[in-house]
Amino acid sequence: MNIIIPILSALFGLIFGHWLNRRRNFENKKREIRINYLIEAYRKLERGAIPNAKNFDKGDFESAIADIQMLGNLEQVNIAYEFAIKATQGDGSKLQELLENLRMELRNELSIKNNKLPKISPFRIN
778 MNIIIPILSA
788 LFGLIFGHWL
798 NRRRNFENKK
808 REIRINYLIE
818 AYRKLERGAI
828 PNAKNFDKGD
838 FESAIADIQM
848 LGNLEQVNIA
858 YEFAIKATQG
868 DGSKLQELLE
878 NLRMELRNEL
888 SIKNNKLPKI
898 SPFRIN
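Per the numbering used here: the sequence shown ends with 903, consecutive numbering throughout.
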């Protein structure tokens, strides 16, 4: 009888530890997927910041907005929505705000300092 309690305790510890491990792995994988999608969305938007650029692809630009609306935080979803509405009217003024918001969050997620960053300026070599 004295041996049953330690065995049950060990068994409970193993099951609980396994459960915690699975949960942590699942959360890490979700975070990794979200970060990868947002990085790719950032790249597509930045590429599209100069619409007449060689690499500009409307489909990429549209999928970036869709990815942000699906995986972005509430503020990013709202900015992406406002951008999408204004962009259909020929006003792309929210793009800078969206790119800077994405950059800040991605840098935070990756533990990269955010202090004193200049505004984003698309760069292309002609």
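Glycine included, every Cβ here is placed at the ideal spot set by N, Cα and C.
query, result
"Beta-carbon separation (whole angstroms), residue 883 vs residue 856, contact threshold 8 Å", "No, residue 883 and residue 856 are not in contact; Cβ-Cβ is about 14 Å, not under 8 Å."
"Residue 894 versus 826, 852, 823, 877, residue with shortest Cα-Cα distance", "877"
"Nearest-angstrom beta carbon gap, residue 814 and residue 844 [assumed within contact, 8 Å]", "5 Å"
"Inter-residue Cα distance where the pair is residue 897 and residue 783", "60 Å"
"Of the residues 799, 866, 861, the one placed nearest residue 872, counting alpha carbons only", "861"
"Close Cβ partners of residue 858 (< 8 Å) along its chain, the five nearest in sequence each way excluded", "846"
"Cβ distance (whole Å) where residue 841 is taken to contact residue 821 below 8 Å", "4 Å"
"Element boundaries [alpha helix (DSSP H), containing residue 810]", "781 to 824"
"Unbroken alpha helix (DSSP H) run spanning residue 836, endpoints", "835 to 848"
"First and last residue of the uninterrupted alpha helix (DSSP H) at residue 885", "871 to 886"
"Beta-carbon proximity list for residue 816, same chain, < 7 Å, skipping 5 on both sides", "883"
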